[in-house]
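With my numbering applied, the sequence shown corresponds to residues 408 to 489, in that order.
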Amino acid sequence: MSSKESRNSTSRETKVFIMLRGAMVMTSFRESLFDAANRAGMTPNEFCLQAAAEKLRASGRQFAGVFAPGDTCGPGHKGEAN
């Protein structure tokens, strides 16, 4: 598959809702999460989803992106977001 075909197939991918339930965590973790998300200019939910995407990429999973196609790096980029 050419890179053009690859781009076209990922651009047709649709967005879907992900329904996550609340979880109990320690206060210090919650404070650290909210602080890090704020510094990154994201909501805590977006921050958690981005971290999950980085972990999935590091384990070799392939997907178009998290919030939009191409917003995460492919394999070999140490899980850093674009």
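C-beta: ideal position from N, C-alpha, C; glycine also.
Between Thr450 and Arg464, is the Cβ-Cβ spacing less than 8 Å? The residue you call residue 450 lines up with position 43 of the sequence shown. The residue you call residue 464 lines up with position 57 of the sequence shown. Cβ atoms of Thr450 and Arg464: not closer than 8 Å.
Glu420 beta carbon less than 8 Å from that of Gly460: Translated into the one-based positions of the sequence shown, residue 460 becomes position 53. Translated into the one-based positions of the sequence shown, residue 420 becomes position 13. According to the sequence shown, residue 460 is Ala rather than Gly. No. Outside cutoff.
Of all the alpha helix (DSSP H) runs that stay within the bounds of the region 427 to 477, which reach a length of 4 or more residues? 434 to 447, 451 to 465
Contact belief for Ala443 with Phe454 at Cβ below 8 Å, rounded distance in angstroms: For this step, residue 443 is matched to residue 36 along the sequence shown. For this step, residue 454 is matched to residue 47 along the sequence shown. Yes, Ala443 and Phe454 are in contact; Cβ-Cβ is about 6 Å, under 8 Å.
Identify whether Thr421 lies in helix, strand or coil by the three-state DSSP scheme. Numbered from its first residue, the sequence shown carries residue 421 at position 14. Here Thr421 sits in coil by DSSP.
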